[in-house]
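Numbering (the UniProt record's numbering), first residue to last: 1 to 202. So the structure is just underneath, and the comments pick up after that.
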Amino acid sequence: VTATQMLESMIKAPRPTRAEASDVANAVIDGTDCVMLSGESANGDYPINAVTIMGKICAEAERTLDYKRMYNDIKMYSPLPIQTAEAVAAAAVATVLDLNIDLIIVLTDSGKLARLVSKYKPSVPILACSVSSPVVRQLKTSRGVIGYKIPSYQGTENLLQLVIKTAKDMRLCKQGHKVVTIHGSAEETPDESNIMKILDIE
């Protein structure tokens with residue numbers, strides 16, 4: 001999380017300085033998961049403007065990113081050997097680079113697996129499904145992750161179809177495209193991921 005005086009001038013002014021806008025954009029380009037306002041939105045004169053402008057700056061900065069280069073850089077500088085879950089997470093992001101994928105769906109108990117996928121900066125959203133409400137909330141600070149609470153991990157295939165239907169309703173994916181799903185082989189240990197699937201959306 002990158003915070004503190006991000007758009008400080010907007011406590012009193014309706015627009016940020018050029019330097020502040022550059023700082024926010026560079027934070028995104030440098031790989032921060034999340035940027036945060038404090039005084040600007042808590043007691044500033046233009047809280048809605050501050051949030052709106054920060055969102056626009058972040059979205060514009062995201063459009064300049066070279067996702068393939070970022071993925072390769074992260075892979076190169078990740079110390080080896082990596083764990084199985086991280087290898088599967090990295091493979092899921094590599095698949096997004098090679099195919100027309102709309103979404104990555106992750107079944108995760110602790111949030112660890114979703115954060116591993118987020119680490120490799122995919123260009124598509126990550127729908128992280130967990131039975132834990134605190135985990136779903138905590139994942140909001142991980143880049144590209146949308147938390148979704150599920151009732152249980154039992155019946156993985158039916159669960160994935162239900163999640164895909166929900167994702168379509170949320171407009172995260174559409175018919176005729178593909179999604180990547182990752183989860184563990186044992187339903188009771190979803191974070192011990194060793195299965196990746198590419199599913200066609202019907």
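Where a beta carbon is used, it is the ideal one built from N, C-alpha and C, also for glycine. Since the model is a prediction, treat every value here as computed from it, not as a measurement.
- In the three-state DSSP reduction, TYR148 falls in the strand class (E or B).
- DSSP places SER133 within a helical segment (H, G or I) once states are collapsed to three.
- Excluding residues up to 5 positions away in sequence, nothing lies with its Cβ nearer than 6 Å to the Cβ of GLY55 in the same chain.
- Across the structure, VAL106 and LYS165 are spaced so that their CA atoms are roughly 15 Å apart.
- Under the three-state reduction of DSSP, ASP109 is assigned to coil, being neither helix nor strand.
- Taking the Cβ atoms as the reference, LYS121 lies roughly 6 Å from TYR67, within the contact range of under 8 Å.
- Taking all protein chains shown into account, ASP102 has 16 or more neighbouring C-beta atoms within 10 Å of its C-beta and is therefore buried.
- In its chain, beyond the 5 residues on either side, MET10, ILE11, LYS12 and ALA50 have a beta carbon closer than 8 Å to the beta carbon of GLY44.
- Note on the stretch 61 to 106: whole alpha helix (DSSP H) runs with a minimum of 4 residues are 67 to 77 and 84 to 98, in chain order.
- If you check the CB distance, ILE198 and LYS178 come in under 8 Å.
- With contact defined as three or more Cβ pairs closer than 8 Å, the stretch 84 to 99 and the stretch 112 to 121 are in contact.
- The C-alpha of LYS149 is placed about 9 Å away from the C-alpha of VAL135.
- In this structure, the straight-line span from the alpha carbon of SER123 to that of PRO79 is close to 23 Å.
- If you draw a 10 Å sphere on the C-beta of ILE195, you find fewer than 16 other C-beta atoms in it, and that means exposed.
- Boundaries cannot be given for ILE11, as no alpha helix (DSSP H) includes it and DSSP labels it neither H nor E.
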